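For reference, the structure discussed in these notes is given below.
Number of protein chains: 2
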Amino acid sequence: MDRAVTISQVAALAGVSTGTASKALNGRGALRPETRLRVQQAAEQLGFVANAAARSLQTGRTYTVGMITTDSIGRFSIPLLIGAEDALGAGQMSVFLCDARDDPIREQYYLRTLLSRKVDGIIVTGRRTQARQPIGRDLPIPVVYAFISSADERDCSVVPDEADGARRAIRHLLAVGRRRIAHVTGPEHHHSAQMRAAGAVDTLAAEGLQLATPVLYGEWSEAWGRQAAGILLSNGADVDAVFCGSDQVARGLAEGLRGAGREVPRDVALVGFDNWDVMVDGCRPALTSVDMDLEGIGRTAAEMLLAAINGDPVHGHQARPCRLVPRASTAV
Amino acid sequence: MDRAVTISQVAALAGVSTGTASKALNGRGALRPETRLRVQQAAEQLGFVANAAARSLQTGRTYTVGMITTDSIGRFSIPLLIGAEDALGAGQMSVFLCDARDDPIREQYYLRTLLSRKVDGIIVTGRRTQARQPIGRDLPIPVVYAFISSADERDCSVVPDEADGARRAIRHLLAVGRRRIAHVTGPEHHHSAQMRAAGAVDTLAAEGLQLATPVLYGEWSEAWGRQAAGILLSNGADVDAVFCGSDQVARGLAEGLRGAGREVPRDVALVGFDNWDVMVDGCRPALTSVDMDLEGIGRTAAEMLLAAINGDPVHGHQARPCRLVPRASTAV
DNA sequence: CACAGTTAGGAAATCGATTGCCTAGAAGCT
DNA sequence: AGCTTCTAGGCAATCGATTTCCTAACTGTG
Chain A
810 MDRAVTISQV
820 AALAGVSTGT
830 ASKALNGRGA
840 LRPETRLRVQ
850 QAAEQLGFVA
860 NAAARSLQTG
870 RTYTVGMITT
880 DSIGRFSIPL
890 LIGAEDALGA
900 GQMSVFLCDA
910 RDDPIREQYY
920 LRTLLSRKVD
930 GIIVTGRRTQ
940 ARQPIGRDLP
950 IPVVYAFISS
960 ADERDCSVVP
970 DEADGARRAI
980 RHLLAVGRRR
990 IAHVTGPEHH
1000 HSAQMRAAGA
1010 VDTLAAEGLQ
1020 LATPVLYGEW
1030 SEAWGRQAAG
1040 ILLSNGADVD
1050 AVFCGSDQVA
1060 RGLAEGLRGA
1070 GREVPRDVAL
1080 VGFDNWDVMV
1090 DGCRPALTSV
1100 DMDLEGIGRT
1110 AAEMLLAAIN
1120 GDPVHGHQAR
1130 PCRLVPRAST
1140 AV
Chain B
810 MDRAVTISQV
820 AALAGVSTGT
830 ASKALNGRGA
840 LRPETRLRVQ
850 QAAEQLGFVA
860 NAAARSLQTG
870 RTYTVGMITT
880 DSIGRFSIPL
890 LIGAEDALGA
900 GQMSVFLCDA
910 RDDPIREQYY
920 LRTLLSRKVD
930 GIIVTGRRTQ
940 ARQPIGRDLP
950 IPVVYAFISS
960 ADERDCSVVP
970 DEADGARRAI
980 RHLLAVGRRR
990 IAHVTGPEHH
1000 HSAQMRAAGA
1010 VDTLAAEGLQ
1020 LATPVLYGEW
1030 SEAWGRQAAG
1040 ILLSNGADVD
1050 AVFCGSDQVA
1060 RGLAEGLRGA
1070 GREVPRDVAL
1080 VGFDNWDVMV
1090 DGCRPALTSV
1100 DMDLEGIGRT
1110 AAEMLLAAIN
1120 GDPVHGHQAR
1130 PCRLVPRAST
1140 AV
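In order, the protein sequences belong to chains A and B. So that you can map any letter, position 87 of the first sequence is 896 in my numbering, and since no number is skipped, the others follow by simple counting. So that you can map any letter, position 137 of the second sequence is 946 in my numbering, and since no number is skipped, the others follow by simple counting.
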């Protein structure tokens, strides 16, 4: 536990002034190469690391962005964070992750904290139920919404095109020869459930088809998937494929179908949504799923934030396409 | 995008000097209550938030701790983070999360970043394969290891007592009347697998019993669990309970047993490890599991770090007990 | 009324790094 | 030799908040 090393100690060891030391370490000013080297060696020897607070006080930049997740940090936030870090890491910025745990007071507290730390910008994420209210008004720094969208159209929001995901799922099922397709998904009031259902219905309609049964709304759980299997089998709909609103629902459904003696994909083909590794791999057979490319969303959000920080803000919604990952559950 | 408000603007509006404004807002110095109030109102009106960089430059404290996860941020790191935030939040500190993604270079880079940001302390976490090398030598700030442990005995490491978890699992199985117990777990070289297996063997030995079959080492996956079910059934061991090294293994095993016509818990009782919600709830029947109380570990680590920051460092390993969560898979 | 003792609040130093301005000395030119 | 032109590097202001020291204006007392 030594005391921290300051630039004056480096300067003293190198026999120069602090100003010169600063220039040497930052590649600025007009210095003799040997002087520069001497300072760098002194810094190295003492293990000098510049004090970010002092630097940012002077330069006005912290090279840090804040990331506020409104719901608890879960499997959605992590890929978003990783994507954002990738985009920012190249520019040597870091991310300050704050988990507001769905509590508006906590959220405002974190906002204050981030403002006091003078982060260069903020990314707001959260599970997608509805567009959310902007996190603040007239903030002195740019904000980008990722995964979730802001209710204010002028804000920049990077979101997955969930209808596109549904379209890809349905097209894939049609391509492997299925026609009697059902859709089992989460709660009806959930924005994602709505978008995915609408995407499925529209895609079928474009082919002159419709769902084999009305959309089955329920929960985002395996239990609901198992229950839905029973419903589908008992109402005589005779489906040959099910597009599920989430991987968990699909996995439950797969289990329910198998329990009732139906084979996947021979009797019923199955497509999930989220491409969540533990679910698609744990499912038997392995589950075909729609990937929203959360890392890509995080990366794009970070790039838009960087643009805004540099004075070129982007406004409005940026919808990003999904990707279908075919596996055994829809193999021909 | 207004410019940020500084304390001098607040002072000017309140008609006092910056020093007085500072005292007013921090409850220091001798000021008339009305002056204090006037300053507070001015700050409120302008939306003033103190610049953390300027403050920390003066006070030497940042009220921030860094958290470096050596492996990718996963389901282990999140509860640890939440626990740490709970312990630190009361003291109004924030956590800087850095994901080193199992890359030593990235790890050292983050260490430098955290040092340059002058965090008050660092928590190092990671998946537990082996004790790890200390993250740095002679660092100017305290470090606490959470979940993973440091190879240096003098460092403070807060870890789950995995043998204790195994003991609870075995005792529970004995309590519900099982005697022919098998143990199916992850890779033999994995520290957790070793500790859990040893805990199971020792606990049985204390009762004059032993495992019904040698420990089955494999992977931390459902696929291995399913495969292990076949192995157990084919070698004629006739077990009446299986203690699994992870919930994923247990879930796969449950599925394998069911597929072979064995009923859980009637024929075979099952205990998992990790108490991972999607696995224990998705498993049929719901899975009894050992909970390592990761949040508690995060909280304890943060408390130890706070103690070290305040000059009372704790040395050595702190092993924390596990907790057994009984569910249907071991119901009598 | 004079003096000691409080009290409220201002002035200025400080934290560490950056940066614009300035100058001593070397180099180049006639 | 005397002048100009570079060049290398020092000096000091600056960022924003905190904190120590200090003083002016009260208050109370004999």
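Just so you know, even glycine gets a beta-carbon here, dropped at the ideal spot from N, CA and C. Keep in mind it's a predicted model, so treat the numbers as computed, not measured.
Taking all protein chains shown into account, decide if residue i is buried (16 or more other Cβ within 10 angstroms of its Cβ) or exposed.
i                       : result
residue 1086 of chain A : exposed
residue 1083 of chain A : buried
residue 1141 of chain B : exposed
residue 771 of chain B  : Because chain B spans 810 through 1141 in this model, residue 771 of chain B falls outside it and cannot be assessed.
residue 817 of chain A  : exposed
residue 947 of chain A  : exposed
residue 860 of chain A  : buried
residue 998 of chain B  : exposed
residue 851 of chain A  : buried
residue 1045 of chain B : exposed
residue 913 of chain B  : exposed
residue 1036 of chain B : buried
residue 955 of chain B  : buried
residue 1124 of chain A : exposed
residue 888 of chain A  : buried
List, in order along the chain, the chain B residues whose C-beta lies closer than 8 Å to that of residue i?
i                      : result
residue 858 of chain A : 921, 924 and 925
residue 866 of chain A : 860, 862, 863 and 866
residue 931 of chain A : By Cβ distance, chain B contributes nothing, its closest Cβ being about 13 Å from residue 931 of chain A, past 8 Å.
residue 894 of chain A : 908
Could you spell out where the alpha helix (DSSP H) holding residue i opens and where it closes?
i                       : result
residue 969 of chain B  : Premise fails: residue 969 of chain B lies in the beta strand (DSSP E), 965 to 969, not in any alpha helix (DSSP H).
residue 1118 of chain B : 1103 to 1118
residue 1039 of chain A : 1031 to 1043
residue 1020 of chain A : No alpha helix (DSSP H) holds residue 1020 of chain A; DSSP gives it neither H nor E.
Rounded to whole angstroms, what is the Cα-Cα separation between residue i and residue j?
i                       : j                       : result
residue 870 of chain A  : residue 1054 of chain A : 43 Å
residue 924 of chain B  : residue 819 of chain A  : 17 Å
residue 909 of chain B  : residue 944 of chain B  : 12 Å
residue 1040 of chain B : residue 991 of chain A  : 38 Å
residue 877 of chain B  : residue 1029 of chain B : 24 Å
residue 811 of chain B  : residue 832 of chain B  : With a pLDDT of only 49 at residue 811 of chain B, under the threshold of 50, the placement of this residue in the model should not be trusted, and no figure is reported.
residue 926 of chain A  : residue 858 of chain A  : 19 Å
residue 901 of chain A  : residue 1063 of chain B : 47 Å
residue 788 of chain B  : residue 1011 of chain B : There is no way to answer for residue 788 of chain B, as the model of chain B reaches only from 810 to 1141.
residue 918 of chain A  : residue 989 of chain A  : 51 Å
residue 1016 of chain A : residue 1043 of chain A : 27 Å
residue 1131 of chain A : residue 1101 of chain A : 5 Å
residue 958 of chain A  : residue 890 of chain B  : 26 Å
residue 1122 of chain A : residue 1116 of chain A : 6 Å
residue 979 of chain B  : residue 1094 of chain A : 33 Å
residue 828 of chain B  : residue 862 of chain A  : 20 Å
residue 964 of chain B  : residue 905 of chain B  : 21 Å
Quick one: give me the first and last residue of the beta strand (DSSP E) that residue i is part of.
i                       : result
residue 959 of chain B  : Note, residue 959 of chain B: premise wrong, no beta strand (DSSP E); not H, not E.
residue 1098 of chain B : 1097 to 1100
residue 987 of chain B  : Per DSSP, residue 987 of chain B belongs to no beta strand (DSSP E) and is neither H nor E.
residue 934 of chain B  : 930 to 934
residue 1128 of chain B : 1125 to 1129
By the criterion of Cβ-Cβ separation under 7 Å, what are the contact partners of residue i in chain B?
i                       : result
residue 905 of chain A  : 905
residue 1031 of chain A : 1091
residue 887 of chain A  : 882
residue 1024 of chain A : In chain order: nothing, as chain B lies at least about 23 Å away.
Whose Cβ in chain B lies nearer than 9 Å to the Cβ of residue i?
i                       : result
residue 891 of chain A  : 881, 882, 908 and 910
residue 819 of chain A  : None at all; the shortest Cβ gap to chain B is about 14 Å.
residue 1123 of chain A : The premise fails here: residue 1123 of chain A is roughly 14 Å from chain B at the closest Cβ pair, so nothing lies under 9 Å.
Interface residues of chain A around residue i at Cβ under 7 Å?
i                       : result
residue 1048 of chain B : Ordered by position in chain A, no residue passes the 7 Å Cβ test against residue 1048 of chain B, which lies about 23 Å from the chain.
Can you name the residues of chain A whose CB is closer than 9 Å to the CB of residue i?
i                       : result
residue 1073 of chain B : Going along chain A, no residue has its Cβ under 9 Å from residue 1073 of chain B, so there is no contact; the nearest lies around 14 Å.
Which residues in chain A have a C-beta closer than 8 Å to the C-beta of residue i? List them in chain order.
i                       : result
residue 1051 of chain B : Simply none; closest approach about 18 Å.
residue 1010 of chain B : Under the 8 Å cutoff, chain A gives no residues; its nearest Cβ is about 29 Å from residue 1010 of chain B.
residue 1058 of chain B : Going along chain A, no residue has its Cβ under 8 Å from residue 1058 of chain B, so there is no contact; the nearest lies around 11 Å.
residue 993 of chain B  : Per Cβ cutoff of 8 Å: no residues; residue 993 of chain B is ~16 Å from chain A at best.
Suppose only complete runs of 4+ residues qualify. What are the alpha helix (DSSP H) ranges in the region 846 to 912 of chain B, listed by chain order? DSSP runs (the alpha helix (DSSP H)) wholly in the region 846 to 912 of chain B: 861 to 868 and 886 to 898.
Inside the region 1040 to 1091 of chain B only - alpha helix (DSSP H) runs reaching at least 4 residues: Within the region 1040 to 1091 of chain B, the alpha helix (DSSP H) runs of at least 4 residues that lie entirely inside it are, in chain order, 1056 to 1068 and 1086 to 1091.
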